[in-house]
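In the working numbering, the protein residues as written are 783 to 1164.
To keep things clear, I will list the structure first and then write my remarks on it.
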Amino acid sequence: MNHLGMKIFTPILALTIGGVGFYAINASAAKDDGKKNIDTRPLVKVEAAQAQDYQVRINSFGEVRPLERTMLASQLAGEVTSWHPNFVAGGKVARGDVLFSIEKDTYQAALLQAQADVSLAEAQLIEEQARGEVAKREAKSLPKSKVTDLYLRKPQLLSAQAALKSAQARLQIAQRDLDNCEVKAPYDALVVSRNLGVGQFVNQGATVAELFNIESAEITLPIAGFDRTFLPANIAQVDATVKTKGLNGITRAGKISRDLGVIDQATRMSQLVVRVEDPYSLKANLPVLKFGSYVEVSFAGQTLNQVYRLPQELVNKRTVWIVDAEQTMQPKQVEVIREEGEYFIISSGLQSQDQLITTLPEYPQPGLKVKIENNDTRLSTD
């Protein structure tokens, strides 16, 4: 090809290539115009808000303590002759069990002496009554001026009656002392300590043991001000659940016994007392709740009418997000009246069937269009 041919061919080739490229671009653009627009709305999950009547649960913690503790003392002086096999530290004894006995000879003799004194006083009274009857018969033949109380032996009769009462009182004391030679458990008890043995001489009033009452246990619970608002109107005998923590945690039933009636000036807390019957399970096959255990106690408070219970992660600075009828995000201010575990109790700010967003986009904005997972046709704008 000569130089002139090249000059003619080159422009034609360039025009041809340009036309082909222009056609390809137009064809591509036309194809793109035919594609469906990409939906860039963030995907969210929603849940319909449901108002409900909700009963508050109040939780607190406390230590299990005995209802009463007794420093056991001997009412008599004497030598210890025996003691109960369970009358040892850690032993459990039932109400009325004889814990230990004191030598009885002296007190039996005192009882016999008192019985003899009563018999003597009765004989003297009978004799004096007979003398009085004789005096009355004789007085019938005497002038009234000579018949005095002394003549009728009234003072002597009163003296004999008093002597009998005094002898009977000494008999009662002697009988009591003899009975007290056997020291009995005042209640179902856990023996905490004991400091006597057979052959030991104990003095009257000497402390010999410490007992804890295991018929009932008590737990004193601090109640904060934000919980105090939701206490039931009548707190007495409200059922409570008592739990211990740990691998071998146990659960026992209890009842609120009383309110201590004061608010601590330092903590601003009031205090309730919960009672658990038979904590050491002497009368039932239940797990033992030992004194000194630290427990969690929960019980029912007031019932709140038509409130919303929401997970805390849905509420940020007292604001929740909903999807409106146009399927856009909208914030709502709510009133949080109580926190329970992982939930907030909402009293106002929401309406029943509001579509709560449960999975927020990364940057929530009022009016942001969203797409709802498992979309409800009632909310669809497509």
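All residues carry an ideal CB built from backbone N, CA and C; glycine is no exception.
Note that the structure is a prediction, hence the values are computed from the model and not measured.
> Terminal residues of the continuous beta strand (DSSP E) containing LYS966?
Replying inline: 964-966
>> Checking 8 Å against the spacing of the C-beta atoms, do ARG1040 and VAL1055 come in under that value?
In response: yes
> Among MET1051, GLU1108, ILE1128, VAL973, which residue has its Cα nearest to the Cα of GLY872?
Replying inline: That would be VAL973, whose Cα lies nearest to the Cα of GLY872.
> Distance, Cα to Cα, ASP887 vs GLY1028?
Replying inline: Their backbone Cα atoms lie some 55 Å apart in a straight line.
> What residues in its chain sit with their C-beta under 7 Å from that of GLN897, if we drop five residues either side in the sequence?
Replying inline: Within its own chain, the residues whose Cβ lies closer than 7 Å to the Cβ of GLN897, once the five positions on either side in sequence are excluded, are LEU953, listed in chain order.
> So is TYR1090 buried or exposed if we call it buried at 16+ other beta carbons inside 10 Å?
Replying inline: buried
>> Tell me which residues share the same chain as ILE1045 and place their Cβ nearer than 8 Å to its Cβ, disregarding the 5 neighbours each side in the sequence.
In response: MET1051, SER1052
> Run through DSSP, which three-state label would LYS1153 get?
Replying inline: strand
>> Quick check on this structure: which residue in LYS1065, LEU1042, ILE1001 has the alpha carbon closest to the alpha carbon of GLY1036?
In response: ILE1001
> Roughly how many angstroms separate the alpha carbons of ALA956 and ASN985, rounded to a whole number?
Replying inline: Their Cα atoms are separated by approximately 18 Å.
>> Do GLU910 and ARG935 count as a contact pair if the criterion is CB distance below 8 Å?
In response: yes
> Is there contact here, the region 997-1013 with the region 1078-1087, by at least three beta-carbon pairs under 8 Å?
Replying inline: yes
> Would you call the region 875-892 and the region 934-950 in contact, with 3 or more CB pairs under 8 Å?
Replying inline: No contact exists between the region 875-892 and the region 934-950.
> Is it a yes or a no for the region 1109-1119 touching the region 1135-1149, going by three-plus beta-carbon pairs under 8 Å?
Replying inline: yes
>> With DSSP as the reference, identify every bridge partner of LEU1138, one or two as the case may be.
In response: GLU829, ILE1104
>> Please report the distance separating the alpha-carbon of VAL980 from that of ASP931.
In response: 59 Å
> ASP835 to ALA967, Cα distance in whole Å?
Replying inline: 50 Å
>> Using 8 Å as the threshold, is the C-beta distance between VAL1105 and LEU1092 below it?
In response: no
> Should ARG1100 and GLN1115 be called a contact, given that it needs their Cβ atoms to be closer than 8 Å?
Replying inline: yes
> Over what stretch of residues does the beta strand (DSSP E) that includes VAL973 continue unbroken?
Replying inline: 971-976
> CB-CB under 8 Å to VAL1152, same chain, minus the five flanking residues each way: which ones, in chain order?
Replying inline: ARG823, PRO824, LEU825, VAL826, VAL1105, GLN1109, THR1110, MET1111, ILE1139, PRO1143
>> Considering Cα atoms alone, identify which of SER927, GLN938, ASP821 is closest to ARG913.
In response: GLN938
> For VAL870, which residues from the same chain have a beta carbon less than 8 Å from its beta carbon, with the 5 sequence-adjacent residues on both sides left out?
Replying inline: VAL973, ARG976
> GLN837 lies in the beta strand (DSSP E); which residues open and close that run?
Replying inline: 834-848
> Among TYR969, LEU924, GLN857, ARG1010, which one has its Cα closest to the Cα of ALA988?
Replying inline: GLN857
> Which residues in the same chain have their Cβ closer than 8 Å to the Cβ of GLN844, if we skip the five residues on either side of it in sequence?
Replying inline: Contrary to the premise, residue 844 reads as Gly rather than Gln in this sequence. Excluding sequence neighbours, GLY844 sits near ILE1001, THR1002, LEU1003, PRO1004, VAL1056, TYR1076, VAL1077, VAL1079.
>> I'd like to know whether the C-beta atoms of LEU978 and VAL862 end up nearer to each other than 8 Å.
In response: yes
>> Please report the straight-line C-alpha distance between GLN1019 and ASN1098, rounded to a whole angstrom.
In response: 39 Å
> Can you tell me the Cα-Cα spacing of LYS926 and LEU902, whole angstroms?
Replying inline: Between LYS926 and LEU902, the C-alpha separation is close to 34 Å.
> According to DSSP, what are the bridge partners of LEU1112?
Replying inline: The amino acid occupying residue 1112 in the given sequence is Gln; Leu does not appear at that position. In the DSSP output, where bridge partners are listed per residue, GLN1112 has ILE1104.
>> According to DSSP, is ILE1127 part of a helix, a strand, or is it coil?
In response: Under the three-state reduction of DSSP, ILE1127 is assigned to strand.
>> ALA971 and VAL875 - do their beta-carbons sit closer together than 8 Å?
In response: yes
>> Between which residues of its own chain and ALA812 is the CB-CB distance below 8 Å, once the five residues before and five after are set aside?
In response: Low confidence applies to ALA812: its pLDDT is 49, below 50, so where it sits in the model is not reliable, and the reading given next is rough at best. Excluding sequence neighbours, ALA812 sits near nothing in its chain.
> If you run the structure through DSSP and keep just helix, strand and coil, what is GLY1036?
Replying inline: strand
>> Just to confirm the assignment: which complete alpha helix (DSSP H) runs, minimum length 4, are found wholly within the region 842-920?
In response: none
> Taking the beta strand (DSSP E) that LEU993 falls in, what are its first and last residues?
Replying inline: 989-995
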